[in-house]
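For the sequence shown, the residue numbers in full-length UniProt numbering are 1 to 527.
Below you'll find the structure, written out as structure tokens, and then a few comments.
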Amino acid sequence: MSGIVLMNRLHDQGKCSWIVEYNAAAPTNVSERSPRRSLPRPGYNSRGHVPAPLCLRETLAHSERLVHVKSRMSLTPRYHTLERDLIEYQERQLFEYFVVVSLQKKPTGTVYVPEITQQFPLKLERSFKFMREAGDQFKAIPQFCFPDAKDWTPVSQFESETFSFVLTGEDGSRRFGYCRRLLPSGKGKRLPEVYCIVSRLGCFNLFSKILDEVEKRRGISPALVQPFMRAIIDAPFPALGRKISVKNFLPGSGTEVIELCRPLDSRLEHVDFDALFSTLSVRHLIQVFASLLLERRVIFMADTLSTLSKCCHAMVALIYPFAWQHTYIPVLPPSMIDIVCSPTPFLIGLLSSSLPRLKELPVEEVLLVDLGNNRFLRQMEDEDSILPRKLQVALEQILEQRNELAMEIDHGFSNGQLDSSSLNDIVSEAFVRFFVEIVGHYSLFMVPGEQDERTLLRDAFRKSVSSKSVRRFLEVFMETQMFGGFTQEREMRKQGNKGLFEVRAQEYLETLPGGEQSGVNRFFNRI
Numbered sequence: 001m002s003g004i005v006l007m008n009r010l011h012d013q014g015k016c017s018w019i020v021e022y023n024a025a026a027p028t029n030v031s032e033r034s035p036r037r038s039l040p041r042p043g044y045n046s047r048g049h050v051p052a053p054l055c056l057r058e059t060l061a062h063s064e065r066l067v068h069v070k071s072r073m074s075l076t077p078r079y080h081t082l083e084r085d086l087i088e089y090q091e092r093q094l095f096e097y098f099v100v101v102s103l104q105k106k107p108t109g110t111v112y113v114p115e116i117t118q119q120f121p122l123k124l125e126r127s128f129k130f131m132r133e134a135g136d137q138f139k140a141i142p143q144f145c146f147p148d149a150k151d152w153t154p155v156s157q158f159e160s161e162t163f164s165f166v167l168t169g170e171d172g173s174r175r176f177g178y179c180r181r182l183l184p185s186g187k188g189k190r191l192p193e194v195y196c197i198v199s200r201l202g203c204f205n206l207f208s209k210i211l212d213e214v215e216k217r218r219g220i221s222p223a224l225v226q227p228f229m230r231a232i233i234d235a236p237f238p239a240l241g242r243k244i245s246v247k248n249f250l251p252g253s254g255t256e257v258i259e260l261c262r263p264l265d266s267r268l269e270h271v272d273f274d275a276l277f278s279t280l281s282v283r284h285l286i287q288v289f290a291s292l293l294l295e296r297r298v299i300f301m302a303d304t305l306s307t308l309s310k311c312c313h314a315m316v317a318l319i320y321p322f323a324w325q326h327t328y329i330p331v332l333p334p335s336m337i338d339i340v341c342s343p344t345p346f347l348i349g350l351l352s353s354s355l356p357r358l359k360e361l362p363v364e365e366v367l368l369v370d371l372g373n374n375r376f377l378r379q380m381e382d383e384d385s386i387l388p389r390k391l392q393v394a395l396e397q398i399l400e401q402r403n404e405l406a407m408e409i410d411h412g413f414s415n416g417q418l419d420s421s422s423l424n425d426i427v428s429e430a431f432v433r434f435f436v437e438i439v440g441h442y443s444l445f446m447v448p449g450e451q452d453e454r455t456l457l458r459d460a461f462r463k464s465v466s467s468k469s470v471r472r473f474l475e476v477f478m479e480t481q482m483f484g485g486f487t488q489e490r491e492m493r494k495q496g497n498k499g500l501f502e503v504r505a506q507e508y509l510e511t512l513p514g515g516e517q518s519g520v521n522r523f524f525n526r527i
């Protein structure tokens, strides 16, 4: 059952309500009618009126947020948009290099140190540009593969785990590290090793499938891994939404054909939202989401690499169709912990063992999230008042219903009609709908510019919204780099493939009554 079908069913049952109304100029985003089962908000009386002192506090808080976001713009370099990154590596290989990282004990030491023991290609023929751009990043890869190296001792059993990290260049360009940590075959106690693929392509599912094949071949013989990776790097770079076939010989099975698909929009592809919902309450999750939209500093803490990686990956996916433009390190090695003192925005994951060291650092204005205990260790105290209230209430209701459905699945009450994929669809659709309500009318205010590009009429776009709370939110949100990247991509985009957001936004515009829509047709028809 698809997520949109489930959303419609919940709406029919009165369990979620995205209510839309319109004015004569353009679409508005929320109705005056409160959703059912509305959650109480601090400071609101039983009739929903806001006391005057609270109105004043909200006005001051809004002004502070606006000043804060604008001040960040002067501190942070302008990064490439995802669209430009795609253009840059359109003709590249699927990955730049592949390494094996093992734990080694120094002759004079008592703890293990991660080192690269194998790499492919051996001479890094096509990675020199990366070496020039990133400098010491290559040397840092072992630390990202084993940020917990000091805690390891040989073991006889270990369940393989998958996680990822991100290497960010000075210009904001990113390389993704996809890792599979596993225990080599053998007898007795031994140390795990990490197989790591570094690529400019952000596509978790595609590389997880490659790592599955690597692990299968490693279980037969380590000698089978490199020929397989040679076949992968020689394969053509897949276009958006296209599949490629890779042939490789496997003893006992003959020549195998592996299909690899690059999705139309990998930002919502194969995201494990379950890890996020298993660690955070809906209220806390939305507060983190709101903080990211204002490009604040956020630190996740957890006991395991997989939890950190999955939760960071899922959190970034929630802001789709926007993209996190700043420092993003799902798993930060303890040796690099000073990065958290940066004055610029970041989303960083730290192992819980780093908390004592973190407390010693002069870190200010940060949302510190303890994933293991569903709590905030530090916060700004305004996280619950950032988003437009009615949209936040509607979002909370849908996500709470998602959790109820998850419990039904866990207890076997779903009769096979629901699965984890359906739950992920509900989450994706809910957050996409949130953004459709906020910015889904943007295309009505895109006008032709120079050299086949388009320009967003920013003031008209914001003022067209009748909801005061949404306009106030947009006033701050439109100053962020993620909004700038969003508009820049669409200003330079020609007709082509559309992701989930564009499809839902178009459906939203088609629901406009004829009179209201005709009022902007002169703008719309010229685009």
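All residues carry an ideal CB built from backbone N, CA and C; glycine is no exception.
Could you name each continuous beta strand (DSSP E) segment of 3 residues or more that falls completely within the segment 187–259, going from the start of the chain to the end?
193–199, 243–250
Buried or exposed (CB count within 10 angstroms, at least 16 for buried), residue 275
As a working mapping, residue 275 is identified with position 275 in the sequence shown. The residue is buried, with at least 16 neighbouring Cβ atoms inside 10 Å.
Given residue 203 as reference, the closest of 240, 233, 231 once Cα atoms are compared
Mapped onto the sequence shown, residue 203 falls at position 203. Closest by alpha carbon: 240.
Relative to the C-alpha of residue 218, which candidate in 234, 434, 194 has its C-alpha closest?
Numbered from 1 along the sequence shown, position 218 holds the residue referred to as residue 218. Considering only alpha carbons, the answer is 194.
Starting from residue 278, trace the alpha helix (DSSP H) in both directions and tell me its first and last residue.
Position 278 of the sequence shown, counted from the first residue, corresponds to residue 278. Note, residue 278: alpha helix (DSSP H), 273–279.
Buried versus exposed, by CB contacts within 10 Å (16 or more), residue 383
One-based indexing of the sequence shown puts residue 383 at position 383. Buried is the call here.
Separation of residue 424 from residue 438, as counted between CA atoms:
Position 438 of the sequence shown, counted from the first residue, corresponds to residue 438. Position 424 of the sequence shown, counted from the first residue, corresponds to residue 424. Each residue's Cα considered, the two are about 22 Å apart.
Cβ-Cβ separation, residue 427 to residue 402 (assumed contact under 8 Å), whole Å
Within the sequence shown, residue 402 is the residue found at index 402, counting from 1. Within the sequence shown, residue 427 is the residue found at index 427, counting from 1. Their Cβ separation, rounded to whole angstroms, is 6 Å, which keeps residue 402 and residue 427 in contact under 8 Å.
Per DSSP, what kind of secondary structure is residue 443 in: helix, strand or coil?
Along the sequence shown, read from residue 1 onward, the residue named residue 443 stands at position 443. It is helical.
Check whether the segment 341–355 and the segment 252–261 are in contact - that is, three or more C-beta pairs closer than 8 Å.
no
Express the C-alpha separation of residue 386 and residue 459 in angstroms, rounding to a whole number.
Residue 459 sits at position 459 when you count from the first residue of the sequence shown. Residue 386 sits at position 386 when you count from the first residue of the sequence shown. Answer to the nearest angstrom: the Cα atoms are 21 Å apart.
Quick one, which of 97, 114, 468 has its alpha-carbon nearest residue 105's?
By one-based count along the sequence shown, residue 105 stands at place 105. Ranking the options by Cα distance to residue 105, first place goes to 114.
Contacts around residue 328, its chain only, beta-carbon distance under 6 Å, and the 5 residues preceding and following it disregarded:
For the purposes of this step, residue 328 is identified with residue 328 of the sequence shown, where counting begins at 1. The residues are 166, 347.
With which residues is residue 298 paired in a DSSP beta bridge?
By 1-based counting over the sequence shown, the position of residue 298 is 298. The partner list for residue 298 (beta bridge, DSSP) reads 347, 367.
What distance in whole Å lies between the Cβ atoms of residue 103 and residue 182, which are believed to be in contact at a cut-off of 8 Å?
Here the question's residue 182 lines up with position 182 in the sequence shown. Here the question's residue 103 lines up with position 103 in the sequence shown. That pair is no contact at about 13 Å.
Sub-8 Å separation of residue 169 and residue 196 beta-carbons
The residue given as residue 169 occupies position 169 in the sequence shown. The residue given as residue 196 occupies position 196 in the sequence shown. Not in contact: residue 169 and residue 196 (Cβ atoms no closer than 8 Å).
Cβ-based burial, residue 507 [other Cβ within 10 Å; buried from 16]:
Translated into positions along the sequence shown, residue 507 becomes position 507. Answer is exposed; the Cβ neighbour count stays below 16.
Could you work out which residue in 220, 317, 225 is closest to residue 272 when comparing CA atoms only?
As a working mapping, residue 272 is identified with position 272 in the sequence shown. The option with the nearest alpha carbon to residue 272 is 317.
So, is residue 223 buried or exposed, given that buried needs 16 or more other C-beta atoms within 10 angstroms?
As a first step, residue 223 is located in the sequence shown; it is residue number 223 there, counting from the start. Exposed, by the Cβ-count rule.
Figure out for me which residue from 488, 476, 455 has the closest Cα to the Cα of residue 323.
Taking the sequence shown and counting its residues from 1, the one referred to as residue 323 is at position 323. Minimum Cα distance to residue 323 is reached at 488.
In chain order, what residues of the same chain have a beta carbon less than 8 Å from the beta carbon of residue 471, not counting five sequence neighbours either side?
Along the sequence shown, one-based indexing puts residue 471 at 471. Contacts found: 462, 463, 465.
Nearest residue (CA-CA) to residue 311, options 209, 336, 372:
Stepping through the sequence shown from its first residue, residue 311 is reached at position 311. Checked all of 209, 336, 372; the closest Cα to residue 311 is 372.
Give the single residue among 175, 185, 263 whose Cα lies nearest to the Cα of residue 159.
Counting from one through the sequence shown, the residue named residue 159 turns up at place 159. The candidate whose alpha carbon is nearest that of residue 159 is 185.
I'd like the span of the alpha helix (DSSP H) that includes residue 356, first residue to last.
Position 356 of the sequence shown, counting from 1, holds the residue named residue 356. Its alpha helix (DSSP H) spans residues 355–359.
So what's residue 25 in DSSP terms, helix, strand or just coil?
As a working note, residue 25 is residue 25 in the sequence shown. For residue 25, the predicted structure reports a pLDDT of 34, less than 50, and the residue's modelled location is therefore unreliable. A value from the coordinates is still provided. Coil, per DSSP.
According to DSSP, simplified to helix, strand and coil, what is residue 457?
Your numbering for residue 457 matches position 457 in the sequence shown. Reduced to three states, the DSSP call for residue 457 is coil.
Spell out the partners DSSP gives residue 180 in its beta bridges.
Here residue 180 is taken as the residue at index 180 of the sequence shown, counted from 1. DSSP output for residue 180 lists 162, 195 as bridge partner(s).
For the beta strand (DSSP E) holding residue 117, just list the boundary residues, first then last.
Working through the sequence shown from its first residue, we reach residue 117 at position 117. Unbroken beta strand (DSSP E) run through residue 117: 112–120.
Which residues in the same chain have their Cβ closer than 7 Å to the Cβ of residue 243, if we skip the five residues on either side of it in sequence?
Along the sequence shown, read from residue 1 onward, the residue named residue 243 stands at position 243. Taken in chain order, the residues that qualify are 259, 260, 261.
Can you grab the Cα-Cα spacing for the pair residue 307 / residue 450, in whole Å?
For the purposes of this step, residue 307 is taken as residue 307 along the sequence shown, with counting starting at 1. For the purposes of this step, residue 450 is taken as residue 450 along the sequence shown, with counting starting at 1. Each residue's alpha carbon lies about 46 Å from the other.
Within the same chain, show all residues whose beta-carbon is closer than 6 Å to that of residue 412, passing over the 5 residues directly before and after it, in chain order.
For this step, residue 412 is matched to residue 412 along the sequence shown. Contacts found: none.
Considering only the beta carbon of each residue, do residue 354 and residue 330 sit closer than 8 Å?
As a position in the sequence shown, residue 354 is number 354, starting the count at 1. As a position in the sequence shown, residue 330 is number 330, starting the count at 1. Cβ distance not < 8 Å, so residue 354 and residue 330 don't count as in contact.
Which of the three DSSP states, helix, strand or coil, is assigned to residue 434?
Within the sequence shown, numbered from 1, the residue matching residue 434 stands at position 434. Residue 434: helix per DSSP, three-state reduction.
Tell me which residues share the same chain as residue 501 and place their Cβ nearer than 6 Å to its Cβ, disregarding the 5 neighbours each side in the sequence.
By 1-based counting over the sequence shown, the position of residue 501 is 501. The answer, listed in chain order, is 321, 432.
Rank 381, 468, 298 by C-alpha distance to the C-alpha of residue 370 and give the top, closest one.
Along the sequence shown, one-based indexing puts residue 370 at 370. Of the candidates 381, 468, 298, the one whose C-alpha sits nearest the C-alpha of residue 370 is 298.
Terminal residues of the alpha helix (DSSP H) in which residue 493 lies:
One-based indexing of the sequence shown puts residue 493 at position 493. From DSSP, residue 493 is part of no alpha helix (DSSP H); its letter is neither H nor E.
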